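Undergrad: The structure is given below, and queries will be raised subsequently.
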Amino acid sequence: EDLPHVDPATDATAQALKYVNDAAQADRATNARPGLPPDQQRCAVCQFVLAETGAWRPCSLFPGKLVNENGWCTSWTMKAG
Ligand code: SF4
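Mapping the sequence shown onto our numbering, position 31 (from 1) lands on 30, and the numbers just tick up by one.
Take a look at the structure:
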């Protein structure tokens, strides 16, 4: 993919959703959502990620950009199925 990576330092949506490229750096316990233990919540297993593989993947909340498979934001939602 040639799309730009989401930059947490400059992207307004990233800042609103507290997106980080490394979920381990996020306060997932405080923001925990149902479906998985907080320390397992990351982009690769989120309902909104739009690819099954790849270190950087599209996300429906970040049109035209890519998120890290090990990233995280406060909209994390357990992937269905
Ligand atoms: Fe990652 Fe899901 Fe947030 Fe997209 S919505 S940035 S896939 S946690």
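Every residue, glycine too, gets a C-beta built ideally from N, C-alpha and C.
Model, not experiment: these values are computed from the prediction.
Are residue 66 and residue 48 touching if we call contact CB-CB under 9 Å?
TA: For the purposes of this step, residue 66 is taken as the residue at position 67 of the sequence shown. For the purposes of this step, residue 48 is taken as the residue at position 49 of the sequence shown. Closer than 9 Å, so yes.
Undergrad: Could you check whether residue 12 and residue 131 sit closer than 9 Å to each other, using their CB atoms as the reference points?
TA: With the chain covering 0 to 80 only, the question about residue 131 has no answer from this structure.
Undergrad: Looking only at its own chain, which residues have a Cβ that is under 7 Å from the Cβ of residue 17, when we skip the five neighbours before and after it?
TA: Counting from 1 along the sequence shown, the entry for residue 17 is found at position 18. Within the same chain, residue 17 has close Cβ partners 25, 72 and 73.
Undergrad: What residues match up with residue 58 in a beta bridge as DSSP calls it?
TA: Locating residue 58 in the sequence shown gives position 59, where the first residue counts as 1. Residue 58 has 48 as its beta-bridge partners, per DSSP.
Undergrad: How far does the alpha helix (DSSP H) with residue 23 in it reach, from first residue to last?
TA: Working through the sequence shown from its first residue, we reach residue 23 at position 24. Careful: residue 23 lies outside any alpha helix (DSSP H) and carries neither H nor E.
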